[in-house]
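There are 2 protein chains.
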Amino acid sequence: MPQPTDGPRARYREQVRTEVHDHAWAQIAEAGASGLSLKAIAQQMGMTAPALYRYFASRDDLLTELVLAAYRDLAETVEAAAARTGDPTRQVRAVSGALRVWAVQAPQRYLLIYGTPVPGYTAPPEATELAQRIFAPLQSALAARLTGARRERRSFDLTVRLWTRLHGVLSLEAAGHFDTMDVEPATLFAHELASVLES
Amino acid sequence: MPQPTDGPRARYREQVRTEVHDHAWAQIAEAGASGLSLKAIAQQMGMTAPALYRYFASRDDLLTELVLAAYRDLAETVEAAAARTGDPTRQVRAVSGALRVWAVQAPQRYLLIYGTPVPGYTAPPEATELAQRIFAPLQSALAARLTGARRERRSFDLTVRLWTRLHGVLSLEAAGHFDTMDVEPATLFAHELASVLES
DNA sequence: TTGCGATAGTTATAGCCTATAACACTCTAG
DNA sequence: CTAGAGTGTTATAGGCTATAACTATCGCAA
Numbered sequence: 010m011p012q013p014t015d016g017p018r019a020r021y022r023e024q025v026r027t028e029v030h031d032h033a034w035a036q037i038a039e040a041g042a043s044g045l046s047l048k049a050i051a052q053q054m055g056m057t058a059p060a061l062y063r064y065f066a067s068r069d070d071l072l073t074e075l076v077l078a079a080y081r082d083l084a085e086t087v088e089a090a091a092a093r094t095g096d097p098t099r100q101v102r103a104v105s106g107a108l109r110v111w112a113v114q115a116p117q118r119y120l121l122i123y124g125t126p127v128p129g130y131t132a133p134p135e136a137t138e139l140a141q142r143i144f145a146p147l148q149s150a151l152a153a154r155l156t157g158a159r160r161e162r163r164s165f166d167l168t169v170r171l172w173t174r175l176h177g178v179l180s181l182e183a184a185g186h187f188d189t190m191d192v193e194p195a196t197l198f199a200h201e202l203a204s205v206l207e208s
Numbered sequence: 010m011p012q013p014t015d016g017p018r019a020r021y022r023e024q025v026r027t028e029v030h031d032h033a034w035a036q037i038a039e040a041g042a043s044g045l046s047l048k049a050i051a052q053q054m055g056m057t058a059p060a061l062y063r064y065f066a067s068r069d070d071l072l073t074e075l076v077l078a079a080y081r082d083l084a085e086t087v088e089a090a091a092a093r094t095g096d097p098t099r100q101v102r103a104v105s106g107a108l109r110v111w112a113v114q115a116p117q118r119y120l121l122i123y124g125t126p127v128p129g130y131t132a133p134p135e136a137t138e139l140a141q142r143i144f145a146p147l148q149s150a151l152a153a154r155l156t157g158a159r160r161e162r163r164s165f166d167l168t169v170r171l172w173t174r175l176h177g178v179l180s181l182e183a184a185g186h187f188d189t190m191d192v193e194p195a196t197l198f199a200h201e202l203a204s205v206l207e208s
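Chains as they are written, first to last, in our numbering: chain A, 10 to 208; chain B, 10 to 208.
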């Protein structure tokens with residue numbers, strides 16, 4: 010694949026790549042990750058499918074890029090939310106709220122990260138790092154609310170607990186499992202957040 | 010498709026159908042739902058792919074059967090667990106434990122029910138009924154631990170809370186998200202169960 | 001300014017899959 | 001013992017990913 014990182018050629022290349030990403034996200038939103046089709050994207054862009062292999066090594070490769078992009082976007086969102094205040098409790102609330110907004114506005118994007126994985130597939134190492142970056146703001150905020158011994162470990166456990174509880178709500182909400190069930194996801198989410206903040 | 014419900018023909022038919030199901034589950038376990046291939050199943054059974062269309066209208070049709078089979082199996086598992094004791098608290102523990110065993114022993118089967126859905130796809134009505142059957146034993150056990158006004162609603166809310174918390178752990182565990190993270194899923198699960206029983 | 005090499009696109013093709021159609025065999029029920 | 005239902009086959013259409021071989025174009029350097 011091409012080397013130059015600047016110049017008109019590189020600029021055009023990046024334009025095409027992001028346009029592909031945009032179409033890909035649209036497809037994922039309406040047909041899920043398994044519905045992602047290079048051929049369909051190419052047609053929407055007025056090209057033929059093989060042309061896209063100049064930009065992405067494979068369909069899986071594109072999907073991996075999208076997963077990493079989702080991770081990065083969530084990490085930035087979470088970090089920005091934490092930066093909006095200095096008070097630890099407010100930070101936890103802000104991060105949790107931002108997480109929910111992020112998940113609800115694009116459920117398939119959330120599930121691309123935290124949903125059903127393909128058994129064989131292993132995410133690149135960068136994904137693990139980004140997952141930790143998403144985790145970190147919550148943990149440091151929760152740590153700041155603690156005093157005494159083993160603060161590190163206790164705040165980690167608390168963060169895991171918060172994370173799994175919020176994810177429990179978000180994942181069922183994103184999957185539509187509350188749709189037939191007299192449940193208010195936003196309220197439930199708030200209660201789960203409170204349950205950890207009170208403990 | 011054929012009518013008779015008994016006789017040698019019907020018996021053979023059922024044998025083939027269940028053999029297809031078995032191969033399908035094996036494929037799902039090792040390649041996920043998206044890896045399910047009628048042609049591969051046919052080859053494993055020494056037949057050609059079109060032959061399977063005598064038994065299943067389509068690949069999606071087979072998948073729907075598998076989803077419903079998973080629902081039914083989980084419903085029976087949960088009901089059996091609840092029936093093992095009369096004490097409500099023990100019932101909640103038994104059902105939760107059975108749920109975790111069921112989920113961990115076949116993560117892809119659990120995720121087939123509670124994991125990422127395909128956006129367009131709508132499960133048959135029977136799925137919703139079975140989901141309620143899975144929910145019911147927990148709710149009645151939790152209701153039996155309550156007294157006072159609005160017991161119905163309070164036990165429902167409590168069951169939703171328990172369900173989302175357990176699912177939060179199970180879904181992240183099934184997806185392998187704890188693998189790189191010093192977390193003991195079984196312990197976490199037990200703590201989450203306890204958190205609801207104590208509330 | 002021009003021409004050469006890198007880049008971007010094409011068509012053709014292989015291979016995998018689902019699904020249908022048309023055909024042949026076999027078994028069972030009357 | 002035979003007619004028809006049921007089961008399986010091959011052939012085929014059409015979708016997809018992906019590679020190969022070819023062509024056109026663009027931009028940089030001489």
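For every residue, glycine included, the Cβ atom is placed at its ideal position computed from N, Cα and C.
In the pairwise beta carbon analysis, the region 71–89 of chain B is classified as touching the region 129–143 of chain B: at least three pairs are separated by under 8 angstroms. The shortest C-alpha to C-alpha distance from A/Gln117 to any of A/Pro17, A/Leu45, A/Met190 and A/Pro59 is the one to A/Leu45.
With a minimum length of 4 residues, the unbroken runs of alpha helix (DSSP H) contained wholly in the region 155–202 of chain A fall at 160–183. Here A/Asp96 carries a coil assignment [DSSP, helix/strand/coil]. Contact check for A/Thr125 against B/Gly124 passes: the beta carbons are separated by less than 7 angstroms. For A/Val169, the residues of chain B that pass the 7 angstroms Cβ criterion are Val192 and Leu197, in the order they occur in the chain. B/Arg109 and B/Leu179 have their C-alpha atoms some 7 angstroms from each other. Residues of the region 103–120 of chain B whose Cβ lies closer than 8 angstroms to any Cβ of chain A, in chain order: Gln117 and Leu120. Within its own chain, the residues whose Cβ lies closer than 7 angstroms to the Cβ of B/Ala38, once the five positions on either side in sequence are excluded, are Ala115 and Gln117, listed in chain order.
The Cβ of A/Val178 sits closer than 7 angstroms to at least one Cβ of chain B.
By the rule that beta-carbons nearer than 7 angstroms mark a contact, A/Arg142 does not touch chain B. According to the DSSP assignment, B/Tyr21 belongs to the alpha helix (DSSP H) that extends over Gly16 to Ala40.
Judged by their CB atoms, B/Gln53 and B/His30 are not nearer to each other than the 7 angstroms cut-off.
Classified as buried, A/Tyr119 has 16 or more neighbouring CB atoms from the shown chains inside 10 Å of its CB. With 16 or more other Cβ atoms from the protein chains shown falling within 10 Å of its own Cβ, B/Thr168 counts as buried.
Each residue's CA atom was taken as its position, placing A/Val87 and A/Arg18 some 34 angstroms apart. Under the three-state reduction of DSSP output, A/Ala58 falls in the helix class. Against chain B, the beta carbon of A/Ser46 has no neighbour under 8 angstroms; the closest one sits roughly 13 angstroms away. Here A/Ala103 is not near A/Arg142, since their CB atoms are 7 angstroms or more apart. Each residue's CA atom was taken as its position, placing B/Ala51 and A/Ser43 some 23 angstroms apart. Excluding its 5 nearest sequence neighbours in each direction, A/Asp15 has no C-beta neighbour in its own chain below 8 angstroms. Taking a cut-off of 8 angstroms on C-beta distances, the region 143–150 of chain B does not touch the region 157–168 of chain A, as fewer than three cross pairs fall below it.
By the Cβ-count criterion, B/Thr173 is buried, with 16 or more other Cβ atoms from all chains shown falling within 10 Å of its own Cβ. DSSP places A/Ala115 outside both helix and strand once states are collapsed to three, so it counts as coil. Going by DSSP, A/Leu147 is part of the alpha helix (DSSP H) stretching over Pro134 to Ala153. At a cut-off of 7 angstroms between beta-carbon atoms, A/Ser67 makes no contact with chain B. Secondary structure note for B/Leu45: it is in no alpha helix (DSSP H), with a DSSP letter that is neither H nor E. Taking a C-beta cut-off of 7 angstroms against chain A, the contacting residues of the region 135–162 of chain B are Thr137, listed in chain order. CA-to-CA, the gap between A/Leu61 and B/Ala199 works out to about 49 angstroms. Remark: C-beta atoms of A/Leu47 and A/Arg26 do not approach each other more closely than 7 angstroms. Secondary structure at B/Val127: coil, using DSSP grouped into helix, strand and coil.
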